[in-house]
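First up is the structure itself, then whatever we jot down about it.
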Amino acid sequence: MTATVSRVVDLRKEPIEEALDRVECALHVRLDRASVLRKRRSVGARTDRESWVRIERRGLDRIGSQGGDGTAAAEALHGVAKPAWHGSVAWRDAEEPVMWRADETALLPGPPVGSAIVSEDPGLPDAWWAALNASLGALAAQHTYRTATPDTEAITQELVTQTIHGVFAGVDTMVDEWTPAHADLNWANMTAPTFCLFDWEDWGLAPRGLDTATLWAASLAVPALADRVRRERRGDLESRDGKLMLLFAAAKILGPHAHPEDPRLTAARAVAEQTVRELQSA
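Each residue of the sequence shown is one higher than the last, beginning at 1009 in the numbering used here.
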């Protein structure tokens, strides 16, 4: 019987030459093998026509109604600083219930701000924060039927409730406002000094404040940076849904898989406890 759920793999450890060869043939490009960047579930490389190709492996069970075409679908977004999309190719794995997809985009205007979770303040100028706010504001005003998939899992009311109640019992978790979100907003997916937001595979509708809460959680090891995120995006985080997303993000840090040496634990717990009090007294 053919498996319906894909095995979990790490593309930093898996052979990828066959996928690289297939992409070169389909997109009529040559990939610069020296520039290949391998991540857990994606591989990227520069091409001979001064563009970038990102190749992702995603289980069919993780695609659902989205279709796995986030980068292409994001091309319709207006007012959001992101690399232009040029084309793509997708295919089903011959042996596993997996879709491979490669998207070719324009090169980024600069390097990523840092790793997904930072331990030092990147020292971003006011103009960078203004560009972030402009893009997130424009994104929230768009219309889509896509569902956001943070960590490749569709975000639903049930998921929000289960995640929050796994750590913070007794909180009313009903979401009121769903808006378009990038759904993987961290410091590895934005550039500096010129702001640009990339890796759009998971974008779609999510509770208001998901992106802000995600970025806040990725900043907690640097208190001043986490505070800056909260100040810049206070419109999101002062809303009831934004507070729920703070708990959603904090629950992922404080939950059963919490690492005892995670430098974010104390700050996440303090903000979460205050947020629970605010929600229960509202």
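From the three backbone atoms N, C-alpha and C, an ideal C-beta is built for every residue, glycine too.
Quick check: the stretch 1146 to 1155 against the stretch 1223 to 1236, are at least 3 beta-carbon pairs closer than 8 Å? Touching, no, given that fewer than three Cβ pairs across the two stretches are closer than 8 Å.
Given N1197 as reference, the closest of V1168, A1027, V1126 once Cα atoms are compared: As a working note, residue 1197 is residue 189 in the sequence shown. For the set V1168, A1027, V1126, the Cα lying nearest the Cα of N1197 is the one of V1126.
Per DSSP, the bridge partner or partners of M1302: Here the chain covers residues 1009 to 1290 and nothing more, so residue 1302 does not appear.
Integer Cβ distance of R1062 from D1111, believed to fall under 8 Å: The residue labelled residue 1062 in the question sits at position 54 within the sequence shown. The residue labelled residue 1111 in the question sits at position 103 within the sequence shown. D1111 and R1062 do touch by the CB rule: their CB atoms are close to 5 Å apart, below 8 Å.
Does the stretch 1176 to 1183 touch the stretch 1242 to 1256, meaning 3 or more C-beta pairs lie closer than 8 Å? Judged by Cβ distances under 8 Å, the stretch 1242 to 1256 makes contact with the stretch 1176 to 1183, as three or more pairs qualify.
Since L1245 contacts T1274 with CB under 8 Å, what's their CB separation in whole angstroms? To locate residue 1245, count along the sequence shown from 1; it is residue 237. To locate residue 1274, count along the sequence shown from 1; it is residue 266. The distance from the Cβ of L1245 to that of T1274 is about 19 Å, inconsistent with a contact at the 8 Å cut-off.
Tell whether a beta-carbon distance below 9 Å holds between D1040 and D1056. Here residue 1040 is taken as the residue at index 32 of the sequence shown, counted from 1. Here residue 1056 is taken as the residue at index 48 of the sequence shown, counted from 1. At the C-beta level, D1040 and D1056 come within 9 Å of one another.
To the nearest angstrom, how far is the alpha carbon of M1009 from that of R1242? Looking up residue 1009 in the sequence shown gives position 1. Looking up residue 1242 in the sequence shown gives position 234. Legend: pLDDT at M1009 = 38, less than 50; position of this residue unreliable, no value from coordinates given.
So within the stretch 1084 to 1131, which uninterrupted beta strand (DSSP E) runs reach at least 3 residues, ignoring any that extend past its ends? Whole beta strand (DSSP E) segments, 3+ residues: 1093 to 1100, 1106 to 1114.
So, for V1175: in the same chain, excluding its five sequence neighbours on each side, which residues have a beta-carbon less than 6 Å away from its beta-carbon? Taking the first residue of the sequence shown as position 1, residue 1175 is located at position 167. So the list reads A1259, L1262, G1263, once near-sequence residues are dropped.
I'd like the list of long-range same chain contacts for E1032, defined as Cβ closer than 7 Å, with 5 residues on each side in sequence excluded. The residue labelled residue 1032 in the question sits at position 24 within the sequence shown. Around E1032, the same chain offers R1038, L1039 as residues with beta carbons nearer than 7 Å, after the five sequence neighbours per side are excluded.
Skipping 5 residues on each side, what residues in its chain have a beta carbon closer than 8 Å to that of H1173? Counted from its first residue, the sequence shown places residue 1173 at position 165. Counting only Cβ-Cβ distances below 8 Å, and skipping sequence neighbours, we find V1179, T1181.
Alpha carbon to alpha carbon, what distance is there between V1097 and G1250? Here residue 1250 is taken as the residue at index 242 of the sequence shown, counted from 1. Here residue 1097 is taken as the residue at index 89 of the sequence shown, counted from 1. One Cα belongs to G1250, the other to V1097, and the distance between them is close to 36 Å.
Length at least 4, wholly inside the stretch 1182 to 1228: the alpha helix (DSSP H) runs in chain order: Listed in chain order, the complete alpha helix (DSSP H) runs (minimum 4 residues) inside the stretch 1182 to 1228 are 1218 to 1225.
A1080 vs S1143 beta-carbon contact at 9 Å: Taking the sequence shown and counting its residues from 1, the one referred to as residue 1080 is at position 72. Taking the sequence shown and counting its residues from 1, the one referred to as residue 1143 is at position 135. Cβ distance not < 9 Å, so A1080 and S1143 don't count as in contact.
Do the CB positions of E1128 and V1230 come within less than 9 Å of each other? Numbered from its first residue, the sequence shown carries residue 1128 at position 120. Numbered from its first residue, the sequence shown carries residue 1230 at position 222. Remark: C-beta atoms of E1128 and V1230 approach each other more closely than 9 Å.
Straight-line Cα distance separating V1279 from A1266: As a position in the sequence shown, residue 1266 is number 258, starting the count at 1. As a position in the sequence shown, residue 1279 is number 271, starting the count at 1. Rounded to the nearest angstrom, the two C-alpha atoms are 16 Å apart.
Any contact between the stretch 1201 to 1214 and the stretch 1184 to 1192? By contact I mean 3 or more CB pairs, one from each, below 8 Å. Using a C-beta cut-off of 8 Å, the stretch 1201 to 1214 makes contact with the stretch 1184 to 1192, since at least three inter-stretch Cβ pairs fall below that distance.
Residue nearest to T1113 in terms of C-alpha spacing, selected from V1284, L1205, R1272: Counted from its first residue, the sequence shown places residue 1113 at position 105. Nearest Cα to T1113 within the set V1284, L1205, R1272: L1205.
A1027 burial status per 10 Å Cβ neighbour count (16 or more: buried): Numbered from 1 along the sequence shown, position 19 holds the residue referred to as residue 1027. Counting C-beta atoms within 10 angstroms of its own C-beta, A1027 has 16 or more neighbours from the protein chains shown and is therefore classed as buried.
Status (buried if at least 16 other CB within 10 Å, exposed otherwise) for V1296: Only positions 1009 to 1290 of the chain appear in the structure, and residue 1296 is not among them; the question remains open.
Using a threshold of 9 Å, state whether the C-beta atoms of L1218 and P1271 are closer than that. As a first step, residue 1218 must be located in the sequence shown, where it is residue number 210. As a first step, residue 1271 must be located in the sequence shown, where it is residue number 263. No. Outside cutoff.
Please classify R1066 as buried or exposed, where buried requires at least 16 neighbouring CB atoms within 10 angstroms. Here residue 1066 refers to the residue found at position 58 of the sequence shown. Buried.
Taking the alpha-carbon positions, what's the V1106 to R1100 distance? The residue you call residue 1106 lines up with position 98 of the sequence shown. The residue you call residue 1100 lines up with position 92 of the sequence shown. Their Cα atoms are separated by approximately 6 Å.
I need the straight-line Cα distance from D1192 to R1049, nearest angstrom please. Taking the first residue of the sequence shown as 1, we reach residue 1192 at position 184. Taking the first residue of the sequence shown as 1, we reach residue 1049 at position 41. Distance between D1192 and R1049, taken at the CA atoms: about 13 Å.
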